[in-house]
Amino acid sequence: MAVPGGASWVQPAVTGRAEDDREAAFARLFDEFSAPIFNYVLRMVSDADRAADITQDTFIKAYKKLDTVTDAAATRSWLYRIATNTAIDDMRRRRMVTPMRDDEPTFANRPDPRPGPEAEVMAGTLDERVQRALMTLRPNHRQCLLLSDLEDMSAMQIGEVMDLSYAAVRTLLCRARGEMRRALAAEGMVR
Amino acid sequence: MTFDRDRHAEFEELISASLQGDLTADERRRLDGHLDTCPACRATLAAFSDQRRIMAGLRHVPVPRDLGARVRAGVEQREARRRWWQRPPAIFAGVGGGLAVVTGVLLALVLLGNPDDPEVGDASPTPIAPVTSATPIPTLPPLETPAATEPPASVAPSESVAPAPTATPVQASPEPDSYLAVTGPPDNQAMTLRDGTTRETLREVETPPGVPVAAELSPDGQWLAYIVDVGTGSGFTEIRATRIAEGVPSDEPGAPPPVDSPIAVGETAPLAESVGGNPFVEHLFWSSNSQYLAFTVVDRVEGGTDVWIFQPSTGVASRMTDLGNAYAGSWVPGGAGTSLLWISTAGERPESHLRMIHDSASDIAPTDLADSPFPAATDVFQPILSPNGALVIFWSGRMHESGEGWAFVEGGAPWLAENRQDGELGYRFESNRRLFTDVTVDRDAFTSAAIGWAPDSNTFVVWDAEWTGISQAAGTYPDQRRVYLGRASDPTHVTWRHALDVGDLPEDASVVDVKVAGTGRHLAVTARHPLAGLELPQADLLLITRNFDDVPDDVIDLEPDRDGWFGPAVYSASEWAELVGD
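The following block contains the structure:
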């Protein structure tokens, strides 16, 4: 089964009918969300290997809890909440307070094995500056901003992911934007 | 001026919400009207819009091709594995089960002060120096470690704080006095304070909008102060204090009456809203006379930190500093009519200042530390005094401010010292030595760590220690996920051998809080389960007994059969003081 980003879900060989339904539901979930979840987590932790591990854990937890999802409309928030919580757990274990050093490999400046045009190299440079600005934000500000501007979630959906009220999300998001504005200005990117 | 800034802040929130189309018609009209007349807010709108465009245009990174296979392998592995807390504790197998029997065994193991006691070590084949855990230590053993910092400048004279040594064997309870528990269905969670021995509910506590991640009992036993983690992932915290008991008058002649309060027993005082995630912030400091609680508050908007004081006698929490980089440290025990608090300021080179409060003063106002009559202690950060005031653990090194607040970045490490009265000049930190004696710090650093003393004023615990350098021993060391139990009387203080056994904690749990009993070898560890989906946060409260040589530690889950959040626990310092006759 081909999925965006090249990953594929490997279904087990022998299953019963209920298991078939479960596997099919999970395959749809994995197909649709593995790439956006991976990219969201990648922006959170700024490390491709860790992002892959966190995405992996996210889908393992989702598989285990798949039966608890009764509202299809809430599936996206549910999955992002698992991803957010898993990333938080990971960050708690390795609290990310050390400022990035110039020589520290990040996903943005790690050599990319794929050939690409100059434009992609330039985009990578821009990417690196944005990522550096993102990493100066408090983790909750970073989550909130990514869910809003990268994942295009509404304040209500962000509240479902972060377990916050609508009003709290609006306040948090505004503070995150202010913090990001200063960080991007320090990178010479916005006014 | 303030009015204008507040007004812009209000419209900034509307501008931010407008980018997602989250405005009501009324809010839209108000914002449009304001933008017509405010160039600053128009610039904010342009900047936020640019920012959103930049974020939306971030490069899409392909998913690793083997992710699906990895998830499949993980699913199959997980289903084959039993959860850690489903396994019976090792001690149950040894004694045939039954908590009463277990407790009896534990009590039999803690006849403290007995010189024939075996040493408390870990399950390592390498022995460490023997110690006697029940005796408060007036001096530290000599250690040939050069001090990296000058002792802090002297401060105001006060009564001697050197403890009277005692050789009296003491038997103390290994189980905590009490602990917090948050249980119940998602729509009806309730917080209770439970007895550490019987597990019975002592008191219902006003249920907070989250789970408690730190707690400290006032020395007089009247108050429980705690920090609540509000909202999964938000990082926001609230600091609260619940009055849990009436004050009991002392039998001693001339002793002051217990501190009364306008807040009734059972009521909760919300003290401050803050942001958590940093051990330097998540620390509560009661004064020895229970008149004050000092804590650090992070400004949720600007991110700066300041010190606040809660006075039970008035029921009011007041801002003590207005600096943006101030952190609470310990109170200095002793002194009549005045209380002394260490306040630290973070910076390239941190400093600590002693602030005196006259106990008769009803109001506390922000203070300028530069006006203090006491000289600053340079290169000293967040001194944490032992309960008897004889010893101190403090931080030193170069600090840096990042997205998560101030932390050490170069040469940062905790130090152990004697807290000495210096004649007319005040206190000095003497015989400074590194807490981690087998770690070469150089240009690396411990960025931060959580540290707590046991009531015996000898044993201490360190956890959540983040180390920036390479491992200093086989495996990962220092390991942020491990808990280290050390003693001031042990010349090696903390080494890799002082880590609790790997098997003490669930594999994927993270340590939230640790308290050490006055026995010096029992710990109450609040261990958070990994978060998953829409589940409520859950934590186990584990009573861990350190064992000798190759014998694994004993671990008891205090609430093995219930889902919920259990912890943090608290031990009564005053009970220990009575036991040792301090």
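Protein chains in written order, with the numbering used here: chain A, 1 to 191; chain B, 192 to 773.
Ideal Cβ positions, reconstructed from N, Cα and C, are used throughout, including at glycine.
field: Own chain, CB closer than 8 Å to residue 750 (chain B), minus 5 neighbours either side, in chain order
entry: 372, 390, 731, 732 and 757
query: By the 10 Å Cβ neighbour count, where 16 or more other Cβ atoms means buried, how is residue 672 (chain B) classified, buried or exposed?
result: buried
message: When you compare the CB of residue 221 (chain B) with every CB in chain A, is at least one pair closer than 8 Å?
response: no
message: Considering only their Cβ atoms, is the gap separating residue 381 (chain B) from residue 395 (chain B) smaller than 8 Å?
response: yes
query: Should the segment 537-547 of chain B be regarded as contacting the segment 571-579 of chain B, the criterion being three or more beta carbon pairs within less than 8 Å?
result: yes
Within-8 Å CB hit, residue 238 (chain B) to chain A: yes
field: residue 208 (chain B): contacting residues in chain A (beta-carbon distance under 8 Å)
entry: 155, 170, 173 and 174
Short-range partners of chain A found in the segment 648-677 of chain B, where Cβ spacing is below 9 Å: 655, 657, 659, 671 and 672
- request: Report, in whole angstroms, the separation of the C-beta atoms of residue 609 (chain B) and residue 581 (chain B), which I expect to be a contact under 8 Å.
  value: 7 Å
query: Does residue 199 (chain B) come within less than 8 Å of chain A when only Cβ atoms are used?
result: no
query: Can at least three beta-carbon pairs, one atom from the segment 256-266 of chain B and one from the segment 209-217 of chain B, be found at a separation below 8 Å?
result: no
Sequence-distant residues of the same chain with beta carbon closer than 6 Å to residue 172 (chain A), five excluded per side: 144
message: Determine whether the beta carbon atoms of residue 714 (chain B) and residue 761 (chain B) lie at a separation below 8 Å.
response: no
Integer-rounded CB distance, given that residue 694 (chain B) should sit under 8 Å from residue 743 (chain B): 6 Å
field: Partners in chain A for residue 247 (chain B), counting only beta-carbon separations shorter than 8 Å
entry: 149, 150 and 152
field: Residue span of the alpha helix (DSSP H) that contains residue 59 (chain A), given as start and end
entry: 48-64
task: Specify the secondary structure class of residue 618 (chain B) as computed by DSSP and reduced to three states.
output: strand
- prompt: Taking just the CA atoms, how far does residue 452 (chain B) sit from residue 109 (chain A)?
  reply: Residue placement at residue 109 (chain A) is poorly supported in this model, since its pLDDT is 32, which falls under 50; the coordinates are not used for a value here.
field: Backbone CA spacing between residue 41 (chain A) and residue 392 (chain B) [nearest angstrom]
entry: 41 Å
- request: Determine, using beta carbons only, whether residue 242 (chain B) comes closer than 8 Å to chain A.
  value: yes
query: residue 73 (chain A) versus chain B: which residues are under 9 Å apart at the beta carbon?
result: Near residue 73 (chain A) there are no residues of chain B at all, since even the closest Cβ is about 14 Å away, more than 9 Å.
message: Give me, in chain order, the residues of the same chain whose beta-carbon lies closer than 7 Å to that of residue 235 (chain B); leave out the 5 immediate sequence neighbours on both sides.
response: 203 and 206
task: State buried or exposed for residue 228 (chain B), treating a residue as buried only when at least 16 other CB atoms are found within 10 Å of its CB.
output: exposed
query: Does the beta carbon of residue 181 (chain A) sit closer than 8 Å to a beta carbon anywhere in chain B?
result: yes
message: Nearest by alpha-carbon distance to residue 63 (chain A): which of A:28, A:156 and A:147 is it?
response: A:28
query: Between which two residues does the alpha helix (DSSP H) carrying residue 663 (chain B) extend?
result: From DSSP, residue 663 (chain B) is part of no alpha helix (DSSP H); its letter is neither H nor E.
query: Does any C-beta atom of chain A lie closer than 8 Å to the C-beta of residue 211 (chain B)?
result: yes
message: Quick check: is the beta carbon of residue 67 (chain A) nearer than 8 Å to any beta carbon in chain B?
response: no
- request: Output yes or no for whether 8 Å exceeds the beta carbon distance between residue 703 (chain B) and residue 674 (chain B).
  value: no
message: I need the straight-line Cα distance from residue 583 (chain B) to residue 419 (chain B), nearest angstrom please.
response: 27 Å
query: Given that a residue counts as buried once 16 or more other Cβ atoms are within 10 Å of its Cβ, and exposed if not, what is residue 376 (chain B)?
result: exposed
query: DSSP puts residue 756 (chain B) in a beta bridge; with which residues?
result: B:373 and B:730
task: Under 8 Å by Cβ, that's how I've got residue 54 (chain A) and residue 86 (chain A) pegged, so tell me the actual separation to the nearest angstrom.
output: 5 Å
message: To test your reading of the DSSP string, which unbroken alpha helix (DSSP H) runs of 4 or more residues are found completely within the segment 113-175 of chain A?
response: 118-135, 139-145 and 155-162
- prompt: Are the beta-carbon atoms of residue 492 (chain B) and residue 517 (chain B) separated by less than 8 Å?
  reply: no
message: I need the straight-line Cα distance from residue 56 (chain A) to residue 157 (chain A), nearest angstrom please.
response: 23 Å
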